[in-house]
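Just below is one structure, and these are the notes that go with it.
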Amino acid sequence: MSHVLEIRQLTKKFGDFVAVDNMSLNVREGEIFGFLGANGAGKSTTINMIASLLRVTKGEINLLGKNIEKHSKFAKMNIGIVPQDIAIYEDMTAYENVRFFAGLYGLRGSLLRERTEEALEFVGLGDKSKSYPKNFSGGMKRRLNIACAIAHRPKLIIMDEPTVGIDPHSRNYILNSVRKLNDMGCTIIYTSHYMEEVEEICTRIAIVDHGKVIAEGSKEQLKAIITDTKEIWIGIRTDEPLNLQALKAIAGVTAVLQEENTIKIVSKAEINNLNRIIQQLIKDQVEIRSVEEQAPNLETVFLTLTGRNLRD
Amino acid sequence: MEIWTMANKAAVLGFIIVTSFLAHPTSEIDPWQMLVYLLYLAINLTILTVKQMNQKQLFMGLSIGFVVASTLVLDPLFVLLLPVHILELAFLAGKQRVVVFVCMLLPLFIVLPEWMPLYLLTAFLSFLLYRCGSMLTDKLGRVEAEREKMREDLQSLTRSLNESSEYFRQSTYTIQLEERNRLSQQIHDDVGHAVAGALIQMEASRLLMATDQDKASELLRNAIAISKEGLERIRVTLKDVKPRPEELGINRLRLFVDELSVRETVTATLTFEGDIDVITPIQWKIIQQNATEAVTNALKYAKATVISLEVRVLNTFIKAVVTDNGGGADKVVKGLGILGMEERAASAGGTVIVDGTRGFSVTTLLPYRNE
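Sequences listed follow chains A and B, in order.
So in UniProt numbering, the last spot in the first sequence is 312, and the numbers never skip.
So in UniProt numbering, the last spot in the second sequence is 371, and the numbers never skip.
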């Protein structure tokens, strides 16, 4: 799999303060790559360096195999950035905003018109193209901002905390459009300090703290840092002791225990065997009242590794 | 600094020559004047060339006298050179700035009123140059001294490193010898006797086999019993010889923490969680060294009363944390200590997180393969 983005020993210093510390990572083609870290961990600094908004103190960044400092025009044409702070002109219509930003990337004439309409349609603002953003909700502004970033069809789209301070409807809309963009072949870098979002959409995640990547991998791999088991708690109607030998035979299950009207099953985390467990219980005519999976989430991973919460 | 002063003198002298030439552009050049210029240059170059301090001072005094004489006899402009010379002397004596400046203003009494502004300007400029020069020289001196000290430190460190590696080699050898000695002794005492005893019984049994079968089988039974016991002893010996890995790591850390509580005025605690057997000796070494470093920093800077060490074995990571309850730091500036910890961790594929938001904490994360 080819790398869309390669970061080699990237360092950014502001005076004595090291914001990004010798960071190395690769983003592969077709990934939704998540940057997870607390506020001030260095996520935005890294992104601003990828977007050439900040100078690199040390190290290098390659986009599609080309150094972004040496090929700055190439880099700009192939990166679309949705910044953390909304960057749109309030006194231009939605259409004019997108056309303006797409024009900066060199789109002209009918192609410019076509792509502008396409981008607005994509973020669900096709019918609002003549409205002014000052009347928009936070979520709509965010979506317009995304349209501005994608109209020139970049290979890599960077979204820096795109769901901060917006309503749940717009949030879902944005998460869905991230998936859609990814299906269309875009590689996406997504930063957030909302663990749930990163867990939901990202295919690979880097946990960043104090400017360093402290762990990297799929969410399963990251969770496996803490434990490779999960517990499934099944609430049942009866508290009579049941014969649960059959459950132990299911792949991945390492222990089964009944505590009154709860069956606690310890299983290997990477094996998805919930269906088979439930099927077996139905076959044994056990009446199920609730099913709960006790697995570590990324928040627990972060807490365990750093000793701090993501939202401190 | 001498070069600076010389350049200063040359500049002022050049100014004097040009001015006096411009004042009388038509007249012939006065040979006396020429002689004075050259003599002045000669005296000042001598200052540069002589090495001994008192000779230097002598020539400086001489050149001041010369300048004063020239001012009075030949050209009042020569007074402009005076501040430079006063500065030169003062610099050599290392006088206070204010004193120097006042000294420089003293000749104002003999300066003609029309030259006064020019004199003041020269004095100020020279003083400025002197200040800059002396500041830079001081800085250079400090840097040089520091470099020298670092070179010495490096040398002594290299020496002690060599010595300790030699000592290390020696003691490894000694320990190996001692251990071999102990092992052979133990094998001789326990196993050797048993085997010899069994052998004698078996020989006897062979001799008696034909004549007294009952006796022979009894002897054989004895031999078997002795051999069994011997085998058991071998097992025990081998078990004693092989150390349990965690005895090295966690116990050393525990000792370190106990010593800390006794030696310093802090409460130190150690907690561990998970299967610490998976930690390899190399990883223990990194954990130990980083903990020592972090604790040293905590004692030095944090004004902490509680230092806690935590070793936790997760599923694919080993986490070692040193936390103190001191003031922490909003901005962590990486010094050699932190860099060293990072390097050690990196040598085992790990990272170090330094956080100063709640007290100060240093977390060493080392990956390991969970089989």
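Virtual Cβ for every residue (Gly too), placed ideally from N, Cα, C.
Owing to the predicted nature of the structure, the values given are computational and were not obtained by experimental measurement.
Cβ-based neighbour list, A:LEU10, same chain, cut-off 8 Å, excluding 5 preceding and 5 following | VAL20, ASN22, MET23, SER24, THR46, MET49, VAL56, LYS58, GLY59, GLU60 and ILE61
Of the choices A:GLU121, A:GLN258 and A:VAL98, whose alpha-carbon is the least far from that of A:ARG234?
-> Per the sequence shown, the amino acid found at residue 234 of chain A is Ile instead of Arg. Looking at the Cα atoms, A:GLN258 is the closest of the given residues.
Find out if the Cβ-Cβ distance for the pair residue 372 of chain B, B:VAL18 is shorter than 8 Å.
-> The question about residue 372 of chain B has no answer, for chain B in this structure spans 1 to 371.
Determine the burial state of B:SER165: buried for a count of at least 16 other Cβ atoms within 10 Å of its Cβ, exposed for fewer.
-> exposed
Note down the Cα distance separating A:GLU287 from A:PHE33, rounded to an integer number of angstroms.
-> 41 Å
Would B:LEU365 count as contacting chain A if we go by Cβ distances under 8 Å?
-> yes
A:ASP160, DSSP secondary structure in three states | strand
With DSSP as the reference, please indicate the residues paired to B:ARG312 in a beta bridge.
-> B:GLU273 and B:LYS319
When A:GLU216, A:ILE7 and A:VAL164 are compared against A:PHE35, the one with the closest alpha-carbon = A:GLU216
A:VAL178 to A:GLY139 span [Cα, whole Å] = 14 Å
Could you tell me whether the region 134-151 of chain B touches the region 109-123 of chain B, using the rule of 3 or more Cβ pairs below 8 Å?
-> no
State buried or exposed for B:GLY141, treating a residue as buried only when at least 16 other CB atoms are found within 10 Å of its CB.
-> exposed
Check the Cβ of B:ASP324 against every Cβ in chain A and list those closer than 7 Å, keeping chain order.
-> Those do not exist, as B:ASP324 stays about 13 Å from chain A at its closest Cβ, beyond 7 Å.
Does any CB atom of chain E fall closer than 8 Å to the CB of B:LYS228?
-> This model lacks chain E altogether; the protein chains it does include are A and B.
With 16 other CB atoms within 10 Å as the buried threshold, where does A:MET159 fall?
-> buried
So what's A:LEU281 in DSSP terms, helix, strand or just coil?
-> helix
Taking A:PHE101 as part of the alpha helix (DSSP H), name the residues at either end of that continuous run.
-> 94-104
Quick one: is B:SER261 buried, meaning 16 or more other Cβ sit within 10 Å of its Cβ, or exposed?
-> exposed
For B:VAL278, which residues from the same chain have a beta carbon less than 7 Å from its beta carbon, with the 5 sequence-adjacent residues on both sides left out?
-> VAL313 and TYR368
Along the chain, where does the beta strand (DSSP E) that runs through B:PRO113 open and close?
-> No beta strand (DSSP E) holds B:PRO113; DSSP gives it neither H nor E.
Apart from the five residues on each side of it in sequence, which residues of its chain come closer than 7 Å, Cβ to Cβ, to B:VAL50?
-> LYS56 and PHE59
Where A:ILE174 and A:ILE263 are concerned, what is the direct C-alpha to C-alpha distance, given to the nearest angstrom?
-> 39 Å
Of the choices A:ALA149, A:VAL27 and A:VAL198, whose alpha-carbon is the least far from that of A:ASN172?
-> A:VAL198
Beta bridge counterpart(s) of A:ASN26 as assigned by DSSP | A:GLU6
For B:GLY14, the nearest candidate out of B:LEU299, B:CYS103, B:PHE78 and B:ARG182 (CA to CA) | B:PHE78
Can you have a look at A:PHE14 and say buried or exposed, based on whether 16 or more other CB atoms are within 10 angstroms of its CB?
-> exposed
Which residues does DSSP pair with A:ASN62 in a beta bridge?
-> A:GLU6 and A:ASN67
Report the rounded CA-to-CA distance for A:SER170 versus A:ILE271, giving the unit in angstroms.
-> 34 Å
Identified DSSP bridge partners for B:GLN186 = B:GLN186 pairs with nothing; no bridge assigned.
Spell out a yes or no on whether the region 346-365 of chain B and the region 284-295 of chain B are touching, meaning 3 or more CB-CB pairs, one atom from each, closer than 8 Å.
-> yes
Can you grab the Cα-Cα spacing for the pair A:SER218 / A:SER129, in whole Å?
-> 38 Å
Is A:ARG8 close to chain B, meaning its C-beta is less than 8 Å from at least one C-beta of that chain?
-> no
So who's on the other strand from B:LEU365, going by DSSP bridges?
-> B:LYS319 and B:THR351
According to DSSP, is A:VAL56 helix, strand or coil?
-> coil
Beta-carbon proximity check, B:LEU92 vs B:PHE127, cutoff 8 Å = no
In terms of DSSP beta bridges, what is A:ARG204 paired with?
-> A:PHE33
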